[in-house]
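Have a look at the structure below before the remarks.
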C-alpha cells in the first residue's frame, strides 16, 4: 500500500489546484479496496438510501462463476463534510454483528478519485449475496409458503432480532424488503442504515432518539405519536406487520400520512387511549393528532380470514399491541406455542429450489393481489356511512 506521507501543502497555507488533484487521485484509502475488483452486473435495489447492485469479484469469476456479492452504494451527493455519518454508523454496527440471521459485510470498496468524477470517490458496502428479499417473494403468486415454512421465516427473523437487541442495537427499519433470504432458505436481516445502539440511562433520564424512523406502513404507534424514549418494541411491531404479510401478501396498513396510519392502526388494534395504554397521554403528539375513539380491538377478527392457525393469530395479537410495554419481546415470541406445535418450522430450501430466478421488491410489480383488492373494495363500501375522516382510510386495512 502506497504511503504518500504528508500532503504537499505542509509549510504553505494552501495547495495549488494541481497539487490537490494529484494528491487526491493518488491517495490510497487504508483497508478499502478498489471497486474495480468487482463487476457490477445488475441493479437489484433503489431508494432514498441509494442503490444496490448484484456484483461478482473478477478474480473468481472463472473459478466460481456463481459466487456473487451485493454492492450498496453510499449516497454522497449531498455530503459537504466528507463521509456520511449515517454510513459510518451502519458500518460500525455491521462490523459489530456476527450472526447467521444478520447480513454479512465483507468489505468497503471505492472508486478512484479522478477528474471524471470531480475527484470524489464513490464508496460501496460489499455484502454476501442473497438471492431474494421477502417482499419480492411475496409479490410472486407462484411462491407459496406452507405454514411450516412461514414458521421458519418468522423463527429466523425473531432469532435475528433477539441477537441484535441482545447486543443493544435497534434496527429501526423492519419491513419485508429488508428481510433477505438465500437460495438455501437462510434469512438475513438487512439494511442497517437507520440502525443505532440503544441504552437504558442509569440516572433515569429519558433517551432522545429521533422518531422519524421506520417506513410508514411498519411504523409503530409510539413513534407516530412522537415518542423519543423507545427501544426494541419498535422492531417487534414491524415483525408483527411482516408476519401478517406472510398470509395477506401485501402490507396490512398502507397509510398515506402519519395521521392516516394512526387511523388504520386504531381500526385494527383499537383506539389509542390511556385505558389500554397508560402513559400515552404524555407523548408529544397525543393531543395534536386526531385519533378515532370508541374502536374495539379486532386483530384476531380481521386476520382470521387470512390466518387460519389459532396460534399464529394469537402471536400476531401479542406482537401488534398498542402499548409497547405489553408487546412480546423476541425471546418471548420465540417461545410462543406457534413455533412449538405441529406443523413444526420446516426448511425453505426445497420450496425455493422451484424458483430459479432472484426475486426482489425493486424488480417486482406492486403487491396488491386481486383477492386483497376485492376485500378492500368491500370495506370501502361498508365504510361510506362513517365520517369522512374515517372512511377515507377504511379500505386500506388489508
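Numbering (the UniProt record's numbering), first residue to last: 1 to 398.
C-beta: ideal position from N, C-alpha, C; glycine also.
Treat the numbers as computed from the prediction; the structure is a model and nothing was measured.
Asked, Found
"Output yes or no for whether 8 Å exceeds the beta carbon distance between residue 330 and residue 165.", "yes"
"To the nearest whole angstrom, what separates the beta carbons of residue 133 and residue 353, a pair I think is in contact under 8 Å?", "Residue 133 to residue 353, Cβ: 18 Å. No contact."
"In this structure, how does DSSP classify residue 160 when only helix, strand and coil are distinguished?", "helix"
"Mark residue 248 as exposed unless 16 or more other C-beta atoms lie within 10 angstroms of its C-beta, in which case mark it buried.", "buried"
"Fully enclosed by the stretch 227–299, which alpha helix (DSSP H) runs are 4 residues long or longer?", "233–248, 258–269"
"At 3 residues or longer, and completely inside the stretch 128–200: list those beta strand (DSSP E) runs for me, N to C.", "179–181, 187–189"
"Helix, strand or coil for residue 344, going by three-state DSSP, please let me know.", "coil"
"Residue range of the beta strand (DSSP E) that residue 75 falls in?", "Careful: residue 75 lies outside any beta strand (DSSP E) and carries neither H nor E."
"Here's the rule I'm using: 16 or more other beta-carbon atoms within 10 Å means buried, otherwise exposed. How should residue 411 be labelled?", "Past the edges of the chain, shown from 1 to 398, lies residue 411, and the structure says nothing about it."
"Which of the three DSSP states, helix, strand or coil, is assigned to residue 322?", "coil"
"In the structure shown, what three-state DSSP assignment does residue 354 receive?", "coil"
"Among the candidates 215, 277, 283, 271, whose CA atom is the shortest distance from the CA of residue 251?", "215"
"Pairing CB atoms from the stretch 266–273 with CB atoms from the stretch 289–299, are three or more of them under 8 Å?", "yes"
"From the DSSP output, in three-state form, read off residue 339 for me.", "helix"
"Ends of the beta strand (DSSP E) at residue 304?", "Neither: residue 304 is in no beta strand (DSSP E) and is coded neither H nor E."
"Please tell me whether residue 359 and residue 137 are closer than 8 Å, where the distance is taken between their beta carbons.", "yes"
"For a test of the three-state rule: what should DSSP assign to residue 96, helix, strand or coil?", "helix"
"What did DSSP end up calling residue 225 once you bin it into helix, strand or coil?", "coil"
"For the alpha helix (DSSP H) containing residue 105, list its first residue and its last residue.", "No alpha helix (DSSP H) contains residue 105, which is instead part of the beta strand (DSSP E) from 105–110."
"Hey, could you find the ends of the alpha helix (DSSP H) residue 331 is sitting in?", "330–334"
"Where DSSP assigns a beta bridge to residue 39, which residues make up the other side?", "56"
"Please return the same chain residues whose Cβ sits closer than 8 Å to the Cβ of residue 91, not counting the five positions on each side in sequence.", "105, 108, 125"
"Considering only C-alpha positions, which residue in the set 282, 144, 44, 93 is nearest to residue 227?", "282"
"Who are the near neighbours of residue 149 in its chain, counting only those whose CB is closer than 7 Å to its CB and skipping five residues on each side?", "346, 348, 351"
"DSSP beta-bridge partners for residue 102?", "189"
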